[in-house]
Amino acid sequence: MKINSSLLWIAAICLLISGCSNYRELNQLGVITGMGIDQNDDPEQPYRVTYQVINPSGVSQTSSSGGQGLAIINYTITAKTLLEAFGKESVIIEKT
Numbered sequence: 093m094k095i096n097s098s099l100l101w102i103a104a105i106c107l108l109i110s111g112c113s114n115y116r117e118l119n120q121l122g123v124i125t126g127m128g129i130d131q132n133d134d135p136e137q138p139y140r141v142t143y144q145v146i147n148p149s150g151v152s153q154t155s156s157s158g159g160q161g162l163a164i165i166n167y168t169i170t171a172k173t174l175l176e177a178f179g180k181e182s183v184i185i186e187k188t
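The opening residue of the sequence shown carries number 93 in my numbering; numbering runs sequentially from there.
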């Protein structure tokens, strides 16, 4: 009986201690809603990738203060390969 109550206490403490250590608010995230791949005129960097990102803080400003901030931001990246463009995206777009 003593072992069962000890296990119950340990389980209860583990549940209470576990929290949201990597918790992020929604206004700290950027959501990519669209991606377009185009051909670039430059032969050194033939790919042009455009990302459309929702800016959560811009959405809240638009609804409350009459359109002060941009709700959608477009980022354009040129690269030699698509894999290189995807790697540059994680550096350039800060909230993804």
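We put the beta carbon where it would ideally sit given N, CA and C, even for glycine. As the structure is a computational prediction, the values presented were derived from the model and not from experiment.
Residue environment, residue i, which counts as buried when at least 16 other CB atoms sit within 10 Å
i: valine 141; result: buried
i: alanine 104; result: exposed
i: tyrosine 115; result: exposed
i: tryptophan 101; result: exposed
i: isoleucine 129; result: exposed
i: isoleucine 169; result: buried
Range of the contiguous alpha helix (DSSP H) that encloses residue i
i: glycine 179; result: 174 to 184
Rounded distance between the beta-carbons of residue j and residue i, thought under 8 Å
i: tyrosine 167; j: isoleucine 185; result: 6 Å
Bounding residues of the beta strand (DSSP E) (the contiguous stretch that carries residue i)
i: alanine 171; result: 164 to 171
i: arginine 140; result: 139 to 146
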